[in-house]
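Student: The opening residue of the sequence shown carries number 442 in the numbering used here; numbering runs sequentially from there.
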Amino acid sequence: MFGDLFEEEYSTVSNNQYGKGKKLKTKALEPPAPREFTNLSGIRNQGGTCYLNSLLQTLHFTPEFREALFSLGPEELGLFEDKDKPDAKVRIIPLQLQRLFAQLLLLDQEAASTTDLTDSFGWTSNEEMRQHDVQELNRILFSALETSLVGTSGHDLINRLYHGTIVNQIVCKECKNVSERQEDFLDLTVAVKNVSGLEDALWNMYVEEEVFDCDNLYHCGTCDRLVKAAKSAKLRKLPPFLTVSLLRFNFDFVKCERYKETSCYTFPLRINLKPFCEQSELDDLEYIYDLFSVIIHKGGCYGGHYHVYIKDVDHLGNWQFQEEKSKPDVNLKDLQSEEEIDHPLMILKAILLEENNLIPVDQLGQKLLKKIGISWNKKYRKQHGPLRKFLRLHSQIFLLSSDESAVRLLKNGSLQAESDFQRNDQQIFKMLPPESPGLNNSISCPHWFDINDSKVQPIREKDIEQQFQGKESAYMLFYRKSQLQRPPEARANPRYGVPCHLLNEMDAANIELQTKRAECDSANNTFELHLHLGPQYHFFNGALHPVVSQTESVWDLTFDKRKTLGDLRQSIFQLLEFWEGDMVLSVAKLVPAGLHVYQTLGGDELTLCETEIADGEDIFVWNGVEVGGVHIQTGIDCEPLLLNVLHLDTSNEGEKCCQVIESPHVFPANAEVGTVLTALAIPAGVIFINSAGCPGGEDWAAIPKEDMRKTFREQGLRNGSSILIQDSHDDNSVLTKEEKWVTSMNEIDWLHVKNLCQLESEEKQVKISATVNTMVFDIRIKAIKELKLMKELADNSCLRPIDRNGKLLCPVPDSYTLKEAELKMGSSLGLCLGKAPSSSQLFLFFAMGSDVQPGTEMEIIVEETISVRDCLKLMLKKSGLQGDAWHLRKMDWCYEAGEPLCEEDATLKELLICSGDTLLLIEGQLPPPGFLKVPIWWYQLQGPSGHWESHQDQTNCTSSRGRVWRAASSQGASGNEPAQVSLLYLGDIEISEDATLAELKSQAMTLPPFLELGVPSPAHLRAWTVERKRPGRLLRTDRQPLREYKLGRRIEICLEPLQKGENLGPQDVLLRTQVRIPGERTYTPALDLVWNVAQGGTAGSLRQRVADFYCLPVEKIEIAKYFPEKFEWLPISSWNQQITKRKKKKKQDYLQGAPYYLKDGDTVGVKNLLIDDDDDFSTIRDDIGKEKQKRRALGRRKSQETLHEQSSYILSSAETPAQPRAPETSLSIHVGSFR
């Protein structure tokens, strides 16, 4: 079918029919674009994979990592072809990384694709569109690689390049005993908040000591008592490549939201890590590290974009700036003498010495621009004036021609200039590099690039400082040991280290790309021309028209646009063997009047590109003079215009309204406007022009007699314009005194009016002719007449628009025109009983309850000055409801119950209620101003008892809500089955906003269900807000007024029973701790632990608090935070959380920021390493939950339509308020087993 699409044939002809539109030319899929001037390849973004692209580019520009991966051959990793074989162990992730790195090095394309790599991760299209954290990806990718390389020579690849160790030490001040613990790391996580830079953060972590004294003593095992001690941490082993993750995301406990730390945070290009390491005999150079990659995050904590600054260690790219590429004659950085270049005299003399003859002044300015890269006006005009003025002022050196258009050096001036030039040639022409634009010769200068997905741009080293602070700032830093030297053969050699099979694969792929680009270039350089043959046309009604048919008159020709016009003419001669005489080719265009010839093509030596012929152009082939014996005028001036001419038809004299006749006429654009009267045989008349451009517009202007000799184009008329002709002796007019349009045939349209008066009629629907200025009253009366209804309806009916769903909308006032009522022609109206509201009245819809079905609303007309209270009474009366326990809410734009109308004495007008709004009657009285109506729930952490069940049954029978929310929260009671956190509705209370939290608890205890719960006093209750059907924010300080909590009007409170009273401070965090039972994959019942973050919100502080709480040695426990939404446990490490005593006053909420975000009510698992050395924190229930999540994800991928239907059902039936943001999902890479 497409076999000859790219054949080298430039003149294929077909006589297809032409007339209904241009013939579409099939284009092949274009190959990827070649690399840009940097000669580096980017990576295409799959929708949300910018974080992945930035990390992959960093690994690619780590030559040691790249070459170590390349060293693993197919005998160790397997072959792609065997990946589907059941017994084959193909390590697909390393293979895909090898191929990707080879493409980035060798494949000539602007950007590589990561689709195959993410497929090997087991990611779906949803995962590729979802944003994730690059620090999280770094850890997960390294873990996946380690798992994939088990059993190969590269099993220690990650450990060898990135693994380091930290030692934590506690030194007893009494016996000097040292207790130490060693921890491994792949990346250092450092604080950003309240820290000036990287070196300051490392100093806090690895230089400053934390002193245990006073009431915070340390138990020494040697002394067997509490003693003073000092705690510190040091770097013991440094990896060749050091990765630093910056904690830029924190949690604001006042606003209860995450935020990004955008303050200034500096980091050096070269850093000495010796002060932060243990003392050793290593050479000082072993501690020097150079920055080579900076991953940058732009945006906030809920979304953004990643890109990366990378140092090209091997000089693989072309580090040349675009402005330098466009002006290669000078590199302003290499100028040795700014004073010489700042004064233009020497530069101009050097240029004229090279020319050695008279040159135009304009050309001198161009040569100056070429030499120094900036024009005269931009660099010198402000100080020295215009170029010609400067040359005149230095007449002893420069000789201008008489008209000052050319210049040369004077002979004596040239001798002097030559000597000056010889003295300064080392200063000037050393500044001017060779003509050929190549790589910068500054080898010592580091080559940095900004890689932003597909785009790669060179940057200077100083540009890195711009990423110290702001919304776009550094997020991950990568350092390499300065002693790591690259072999000379690796410099500027992208083939270095690439295995032979990948070299062959990339070479074959490049050949295929070149072939495809050549084929695509050939296809893109041919276009289609439509040849209109002159002998097959005749001139009629102001334009050219085919004599017989388009088939015989038009030929389609495909031609190479790189060929000349002479070649095109010769090809047409060969095709049209019947042609005799001269052949002229002219550009033509189909206009509404027909075909018009515009310009004749001349210059047979010009290519078709140079003649600016477009693809699909119409070419008229003729003799250049006449067609069918008629001389043809050409050009845009005489373009035929098709105008709509309107005039009165006065043949029916008995009619009150004269009929307007519309007829099309063609006139040349350069003809006089007065020729219209001649064409219509009207001896004298007035011509009106519609300034709106169409007869439906309102404004018409009469042409004065003195302008009748102006052309149509001068009057601004174009194809489709309308003009109105009125005989000067005719008294009938189609215009009002204000010159507004009344009865144009184009303006007259129809409205459909349906009989909805519940009265019998012969007609159910009629068409009423109208204009945009027709009054609604006139349409209503005419509809009553044509429907043959009673005349009495004229005083008791109205017109109501009908929407596309068949719903009747608000009545339209009779005094409106159709334009004022915003009614479109062709729309449907319903003729209904009842008067339309006046200008001071409102037409409202109302319904009972928040679940409103379309079409079930009731209607009412009220005065806009009526109060909310009176409006409520009228609606209750009309709906037949009794009682005072009701209030009104306005339906919002998403058809949900909005905020209540609290000000019952305010008028509807003051509350901005408009006609057509929907109000909802909601059961329950509104609390008085300054009061809150708070639903109270009962919250019990442990599993329900028998007493609870009986109470729940009773409450469900008697309560108006009668519902129990059950949500998986934390691991609960003992045994394999975890407890469910249940919320049981108890009732509503009304309470003043000035009341305290203690008073709220006391009033809640008066609710009838509370009597059976056995709570002794309000002090034995803990209050939480309810968010998403689970406890949310903990409310502390019983004496604090509710107003200060900023609860809002829709707040709901749950109360939790306590064994004894508590007094939590603002710095206390309440955690649920559970100890893991060895060998059973379950936990003991949860115990409340209060952790004071004022002493340091670090992992070390929390570990010490947990160890003290369970009476265990701190070095013999492991802790992890539970994420119930993900069914995952995140271990909490403490090696990087050291704080000095001197800096304790700083807020260092590490665990309350990323990635833990610890807050009140979180579950923390505790593992006793003395009896449990298992690394796993998960439970059987977590495995079940993850499996359910996988099945749900698989179901979503299988049927998007089913997902949409389920979502619609949930949104219509669920009581949970809509979440403001989509829930975060975990990032994972699926790896096979190779052990």
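Where is the CB? At the ideal position from N, CA and C, for every residue including glycine.
Everything numeric in this text was worked out from a predicted model, so none of it was measured.
1) With W760 as the anchor, note down where its alpha helix (DSSP H) starts and where it stops.
2) Quick check on DSSP: helix, strand or coil for N818?
3) What did DSSP end up calling A1034 once you bin it into helix, strand or coil?
4) Assuming contact is defined by CB atoms lying nearer than 8 Å, are F502 and V754 in contact in what I supplied?
5) Answer yes or no: do A1034 and P987 have a C-beta to C-beta separation smaller than 8 Å?
6) I need the boundaries of the beta strand (DSSP E) containing F980, first residue and last residue.
7) So R711 packs on I729, CB below 8 Å; how close in whole Å?
8) Tell me whether S495 sits in a helix, a strand or coil according to DSSP, three-state version.
9) For V1672, count neighbouring C-beta atoms within 10 Å of its own C-beta (all shown protein chains included) and say buried if the count is 16 or more, exposed if not.
10) For T1523 and F1568, I'd like the C-alpha separation in whole angstroms.
11) Specify, as a first and last residue, the run of the beta strand (DSSP E) that Y916 falls within.
12) Count the other CB atoms within 10 Å of the CB of Q804; is the residue buried (16 or more) or exposed (fewer)?
13) Which stretch, first to last residue, makes up the beta strand (DSSP E) that contains L1270?
14) Indicate the three-state DSSP secondary structure (helix, strand or coil) for F909 in the structure shown.
15) Three or more C-beta pairs under 8 Å: does that hold for the stretch 653 to 665 against the stretch 1433 to 1441?
16) Measuring alpha carbon to alpha carbon, tell me which of R580, K957, V802 ends up nearest P1596.
17) For S1027, which of G1044, L1016, E1021, F1019 has the nearest alpha-carbon?
18) A1277 by DSSP, collapsed to three states: which one?
19) Less than 8 Å between the C-beta atoms of V1534 and L1505, yes or no?
20) Looking only at DSSP bridge pairs, what is F1286 linked to?
21) With distance defined between alpha-carbon atoms, name the residue in K808, P785, V802 nearest to E795.
22) What did DSSP end up calling S1542 once you bin it into helix, strand or coil?
23) Would you kindly check if the distance between the Cβ of V1025 and the Cβ of T1041 is under 8 Å?
24) What's the C-alpha gap between K524 and L518?
25) Determine, using beta carbons only, whether H979 and D997 come nearer to each other than 8 Å.
26) The beta strand (DSSP E) with I1612 in it runs from where to where?
27) Taking only the alpha-carbon atoms, compute the straight-line gap between K1608 and C1552 and give it to the nearest angstrom.
28) Does the contact criterion of 3 or more C-beta pairs under 8 Å hold for the stretch 1228 to 1242 versus the stretch 1270 to 1279?
29) With distances taken Cα to Cα, identify the nearest neighbour of A1347 among L1668, I1307, G1321.
30) Is I1494 closer than 8 Å to V1375 when the C-beta atoms are compared?
31) According to the Cβ coordinates, are L1349 and E1300 closer than 8 Å?
32) In angstroms, rounded to a whole number, what distance separates the CA positions of Q1647 and T1466?
33) Take S883 and list the residues in its own chain whose beta-carbon comes closer than 7 Å to its own, dropping the five residues that flank it on each side.
34) Once the 5 residues before and after L773 are set aside, which same chain residues still bring their CB inside 7 Å of it?
35) Hey, how far is the Cα of E1485 from the Cα of L1285?
36) So, at 8 Å on beta carbons, what are the nonlocal neighbours of E1434 in its own chain, with the 5 sequence-adjacent residues on each side left out?
Tutor: Quick look at the numbers:
1) Position 319 of the sequence shown holds residue 760. Element bounds for W760: n/a, residue is neither H nor E.
2) Numbered from its first residue, the sequence shown carries residue 818 at position 377. It is helical.
3) Sequence index remark: in the sequence shown, residue 1034 carries index 593 (1-based). Three-state result, A1034: coil.
4) One-based indexing of the sequence shown puts residue 502 at position 61. One-based indexing of the sequence shown puts residue 754 at position 313. Contact: yes.
5) Looking up residue 1034 in the sequence shown gives position 593. Looking up residue 987 in the sequence shown gives position 546. With respect to P987, A1034 sits apart: the two C-beta atoms are not nearer than 8 Å.
6) Counting from one through the sequence shown, the residue named residue 980 turns up at place 539. For F980, the enclosing beta strand (DSSP E) begins and ends at 978 to 981.
7) Counted from its first residue, the sequence shown places residue 711 at position 270. Counted from its first residue, the sequence shown places residue 729 at position 288. Correct: roughly 6 Å between the Cβ atoms.
8) By one-based count along the sequence shown, residue 495 stands at place 54. DSSP places S495 within a helical segment (H, G or I) once states are collapsed to three.
9) Position 1231 of the sequence shown, counted from the first residue, corresponds to residue 1672. When all chains shown are included, V1672 counts as buried.
10) Here residue 1523 is taken as the residue at index 1082 of the sequence shown, counted from 1. Here residue 1568 is taken as the residue at index 1127 of the sequence shown, counted from 1. Rounded to whole angstroms, T1523 to F1568 spans 13 Å at the Cα level.
11) As a first step, residue 916 must be located in the sequence shown, where it is residue number 475. First-last of the beta strand (DSSP E) with Y916: 913 to 922.
12) Indexing the sequence shown from 1 puts residue 804 at position 363. Note on Q804: under 16 other CB atoms within 10 angstroms of its CB, so exposed under the neighbour-count rule.
13) Numbered from 1 along the sequence shown, position 829 holds the residue referred to as residue 1270. Looking at the DSSP string, the run of the beta strand (DSSP E) that includes L1270 is 1269 to 1274.
14) In the sequence shown, counting from the first residue as 1, residue 909 sits at position 468. Coil.
15) Because the criterion of three Cβ pairs below 8 Å is not met, the stretch 653 to 665 and the stretch 1433 to 1441 do not touch.
16) Sequence index remark: in the sequence shown, residue 1596 carries index 1155 (1-based). The shortest C-alpha separation from P1596 is found at R580.
17) Taking the sequence shown and counting its residues from 1, the one referred to as residue 1027 is at position 586. G1044 is the residue among G1044, L1016, E1021, F1019 whose C-alpha sits nearest the C-alpha of S1027.
18) As a working note, residue 1277 is residue 836 in the sequence shown. In the structure shown, A1277 sits in coil (DSSP, three-state: anything other than H, G, I, E or B).
19) Reading the sequence shown from its first residue, position 1093 is the one you call residue 1534. Reading the sequence shown from its first residue, position 1064 is the one you call residue 1505. The Cβ atoms of V1534 and L1505 do not sit closer than 8 Å to each other.
20) In the sequence shown, counting from the first residue as 1, residue 1286 sits at position 845. According to DSSP, which records beta bridges pairwise, F1286 is partnered with E1300, T1359.
21) Position 354 of the sequence shown, counted from the start, is the residue given in the question as residue 795. Nearest option by C-alpha distance: K808.
22) Within the sequence shown, numbered from 1, the residue matching residue 1542 stands at position 1101. For S1542, the three-state secondary structure derived from DSSP is helix.
23) Along the sequence shown, one-based indexing puts residue 1041 at 600. Along the sequence shown, one-based indexing puts residue 1025 at 584. Going by C-beta atoms, T1041 is nearer than 8 Å to V1025.
24) To locate residue 524, count along the sequence shown from 1; it is residue 83. To locate residue 518, count along the sequence shown from 1; it is residue 77. The C-alpha of L518 is placed about 11 Å away from the C-alpha of K524.
25) Here residue 979 refers to the residue found at position 538 when the sequence shown is read from its first residue. Here residue 997 refers to the residue found at position 556 when the sequence shown is read from its first residue. No, Cβ-Cβ distance for H979 and D997 is not below 8 Å.
26) As a working note, residue 1612 is residue 1171 in the sequence shown. Bounds of any beta strand (DSSP E) do not take in I1612, whose DSSP letter is neither H nor E.
27) Mapped onto the sequence shown, residue 1608 falls at position 1167. Mapped onto the sequence shown, residue 1552 falls at position 1111. So the two alpha carbons sit approximately 13 Å from each other.
28) Contact between the stretch 1228 to 1242 and the stretch 1270 to 1279 is present, because at least three Cβ pairs lie under 8 Å.
29) Indexing the sequence shown from 1 puts residue 1347 at position 906. Ranked by Cα distance from A1347, the options L1668, I1307, G1321 are led by I1307.
30) Mapped onto the sequence shown, residue 1375 falls at position 934. Mapped onto the sequence shown, residue 1494 falls at position 1053. Closer than 8 Å, so yes.
31) One-based indexing of the sequence shown puts residue 1349 at position 908. One-based indexing of the sequence shown puts residue 1300 at position 859. L1349 places its beta carbon 8 Å or farther from that of E1300.
32) Taking the first residue of the sequence shown as 1, we reach residue 1647 at position 1206. Taking the first residue of the sequence shown as 1, we reach residue 1466 at position 1025. Only weak support exists for where Q1647 lies, its pLDDT of 45 falling under 50; the value from the coordinates is given anyway. Distance between the alpha carbons of Q1647 and T1466: 29 Å.
33) Counting from 1 along the sequence shown, the entry for residue 883 is found at position 442. Any reading at S883 must be qualified, since the residue scores a pLDDT of 42, below 50, and its modelled position is unreliable; the value itself is stated next. Cβ within range, chain order: n/a, list empty.
34) For the purposes of this step, residue 773 is identified with residue 332 of the sequence shown, where counting begins at 1. Reliability of the predicted coordinates at L773 is poor, the pLDDT of 37 falling under 50, and no value is obtained from them.
35) Along the sequence shown, read from residue 1 onward, the residue named residue 1485 stands at position 1044. Along the sequence shown, read from residue 1 onward, the residue named residue 1285 stands at position 844. Rounded to whole angstroms, E1485 to L1285 spans 38 Å at the Cα level.
36) Counted from its first residue, the sequence shown places residue 1434 at position 993. For E1434, where only same-chain residues beyond five positions count, the Cβ hits under 8 Å are G1371, F1372, L1373, P1482, L1483, R1484.
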